[in-house]
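If you read the sequences in order, they're chains B and H.
91 is the number of the first residue of the first sequence in this note's numbering; add one for each residue after it.
91 is the number of the first residue of the second sequence in this note's numbering; add one for each residue after it.
Glycine included, every Cβ here is placed at the ideal spot set by N, Cα and C.
Number of protein chains: 2
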Amino acid sequence: MAEADKTGITAGLGQGAAPAAGGTEQLLFLTDEQVRKGIEAMFFAYRAFTADPDRILESRGLGRAHHRAIHFIHRSPGTTVSNLLITLGVTKQSLNRVLRALIAEGLVESRVGRHDKRERNLTLTSQGAVLERALSEAQRGRMRAAYRAAGPVAVAGFRQVLEAMMDPELRRQYQSLSEVGG
Amino acid sequence: MAEADKTGITAGLGQGAAPAAGGTEQLLFLTDEQVRKGIEAMFFAYRAFTADPDRILESRGLGRAHHRAIHFIHRSPGTTVSNLLITLGVTKQSLNRVLRALIAEGLVESRVGRHDKRERNLTLTSQGAVLERALSEAQRGRMRAAYRAAGPVAVAGFRQVLEAMMDPELRRQYQSLSEVGG
DNA sequence: CTTGGAAAGTCAACAAGGCTGACATAATGT
DNA sequence: ACATTATGTCAGCCTTGTTGACTTTCCAAG
Chain B
91 MAEADKTGIT
101 AGLGQGAAPA
111 AGGTEQLLFL
121 TDEQVRKGIE
131 AMFFAYRAFT
141 ADPDRILESR
151 GLGRAHHRAI
161 HFIHRSPGTT
171 VSNLLITLGV
181 TKQSLNRVLR
191 ALIAEGLVES
201 RVGRHDKRER
211 NLTLTSQGAV
221 LERALSEAQR
231 GRMRAAYRAA
241 GPVAVAGFRQ
251 VLEAMMDPEL
261 RRQYQSLSEV
271 GG
Chain H
91 MAEADKTGIT
101 AGLGQGAAPA
111 AGGTEQLLFL
121 TDEQVRKGIE
131 AMFFAYRAFT
141 ADPDRILESR
151 GLGRAHHRAI
161 HFIHRSPGTT
171 VSNLLITLGV
181 TKQSLNRVLR
191 ALIAEGLVES
201 RVGRHDKRER
211 NLTLTSQGAV
221 LERALSEAQR
231 GRMRAAYRAA
241 GPVAVAGFRQ
251 VLEAMMDPEL
261 RRQYQSLSEV
271 GG
């Protein structure tokens, strides 16, 4: 099974998995092996990234979907369901189930819009804010420790690569969040 | 609670969410705002990261779980179910369901171990290798483009931060994979 | 004022992919 | 002989995603 062709169709840039010093020292960071390490780093790091909030959520019978909703409601207080839908990239039925649970638990408040009464403006209740802070602090703690360990130059690179990975549409969303909430 | 202490346990470093320039210019990259941007970057980038393989998988009736299994079987041909269990961090029942599907589709072969006949050695079939390459190329293509756009210094930082985010146990796994498969 | 369409909510049904618990089988090690 | 290990499997449950169909509310254009 393609033992000889592990590198496959590397589009002329990746130098094959094996040779770490494949002759040309330029663009070594673009070898298939380097790229694959990046892929695996994303996989393992994302596991770690969600681990701390997940523990907190589990004890309250909530899941990652609830965390995401809480995060972005906190980020943009008074946001509408439609906005949240776009940000989270799920269907309204999925989101609605999550929001119903959060409202039932007294963590989120849904108020009819002032200008357009069809809209619902979502905000965290004081209880919701408490949970948000707990989740956020857990996640930020890990991220901050990683930042501190890696240093400012590494952090800049980290963000650069992540942003470059996003589709233009997603990147636009990500950046507009930074403006609004920042 | 702790309205005045939004930064919480920032160990005297994060300056609170609002003030991007909280007075001391050193360690600016550790402000809550910077850290939060990193968190959101992880969220959006991970969506992008999985989008391409997901499209390919969908057309074959497979999911992300199958991709992960295929990836690590490709990475460590002949690996056992137990090893895979540890790497993926799921239960054997979950993994078994996935493996059964992959074997039924003729993508993975499970052979009784030579030394220890209780074990099953897992390898990709030629068909499985074809699919692996398609998935891998899609994902690597995006990653490679991001690497190229960001440059080698950024890539080094990217990997540093991701590794620093992992728990020691996960990091050990990640690094031992690099040795073995590289 | 009526009507079209947007925003939101809801019900039903389904699938993927996690989980636990219980149990079977075969092989290994003591 | 016996306990342990590696694996597989059945049954059932949960979360979180999906589609489709339908209703209610409301704004805005005709």
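Return the CA-CA distance between residue i and residue j, expressed in angstroms with no decimal places.
i	j	result
Gly153 of chain H	Ala141 of chain B	22 angstroms
Thr215 of chain B	Ile129 of chain H	23 angstroms
Ser166 of chain B	Gly218 of chain H	45 angstroms
Asn211 of chain H	Pro143 of chain B	36 angstroms
Pro242 of chain B	Phe119 of chain H	6 angstroms
Phe134 of chain B	Val220 of chain B	29 angstroms
Ala159 of chain H	Thr170 of chain H	12 angstroms
Tyr136 of chain H	Met132 of chain B	8 angstroms
Thr121 of chain B	Arg234 of chain H	9 angstroms
Ser200 of chain H	His164 of chain H	13 angstroms
Glu222 of chain B	Ala194 of chain B	16 angstroms
Leu117 of chain H	Pro258 of chain H	25 angstroms
Asn186 of chain H	Val198 of chain H	12 angstroms
Glu148 of chain B	Arg190 of chain B	18 angstroms
His292 of chain B	Ser266 of chain B	Residue 292 of chain B is absent from the structure shown; chain B starts at 91 and stops at 272.
Arg238 of chain H	Lys207 of chain H	46 angstroms
Leu192 of chain H	Leu192 of chain B	38 angstroms
Could you tell me which residues DSSP puts in a beta bridge with residue i?
i	result
Arg204 of chain B	None; Arg204 of chain B has no bridge partner.
Arg126 of chain H	Per DSSP, none; premise fails for Arg126 of chain H.
Val198 of chain H	H:Leu214
Glu169 of chain H	One point to set straight first is that residue 169 of chain H is Thr, not Glu, in the sequence displayed. According to DSSP, Thr169 of chain H bridges with H:Leu212.
Within 10 angstroms of its Cβ, does residue i collect 16 or more other Cβ (buried), or is it exposed?
i	result
Gly231 of chain H	exposed
Lys182 of chain H	exposed
His156 of chain B	buried
Ser172 of chain B	exposed
Val202 of chain H	exposed
Arg262 of chain H	exposed
Glu123 of chain H	buried
Arg249 of chain H	buried
Glu253 of chain H	buried
Ala240 of chain H	buried
Ser226 of chain H	buried
Gly113 of chain B	Because Gly113 of chain B carries a pLDDT of 46, less than 50, the predicted location of this residue cannot be relied on, and the following value inherits that uncertainty. Exposed, by the Cβ-count rule.
Ala101 of chain H	At Ala101 of chain H, the pLDDT of 38 sits below 50, so the modelled position is not reliable; the number obtained from the coordinates is stated separately. Answer is exposed; the Cβ neighbour count stays below 16.
Are residue i and residue j close, meaning C-beta to C-beta below 8 angstroms?
i	j	result
Gly179 of chain H	Val245 of chain B	no
Ala127 of chain H	Ser184 of chain B	This sequence places Lys at residue 127 of chain H; Ala is not what is there. Going by C-beta atoms, Lys127 of chain H is not nearer than 8 angstroms to Ser184 of chain B.
Leu174 of chain H	Phe162 of chain H	yes
Gly168 of chain B	Thr213 of chain B	yes
Leu260 of chain H	Ala236 of chain B	no
What does a CB cutoff of less than 7 angstroms around residue i pick up in its chain, not counting 5 residues either side in sequence?
i	result
Ala228 of chain B	Asp142, Pro143 and Ile146
Met256 of chain B	Tyr264
Val188 of chain H	Ala155, His156 and Ala159
Ala224 of chain H	Ile146
Val251 of chain H	none
I'd like the list of long-range same chain contacts for residue i, defined as Cβ closer than 6 angstroms, with 5 residues on each side in sequence excluded.
i	result
Thr177 of chain B	Phe162
Glu209 of chain B	Thr170 and Gly203
Ala111 of chain H	Note that Ala111 of chain H scores a pLDDT of 43, beneath 50, so its modelled location is shaky; the value from the coordinates is reported in the next line. So no residue of the chain qualifies.
Spatial neighbours of residue i within its chain, please: CB distance less than 8 angstroms, with the 5 preceding and 5 following residues excluded, ordered by chain position.
i	result
Gly272 of chain B	Annotation note: pLDDT 39 at Gly272 of chain B (below 50); position unreliable, coordinate value reported separately. For Gly272 of chain B, where only same-chain residues beyond five positions count, there are no Cβ hits under 8 angstroms.
Gly196 of chain H	Thr215, Gln217 and Gly218
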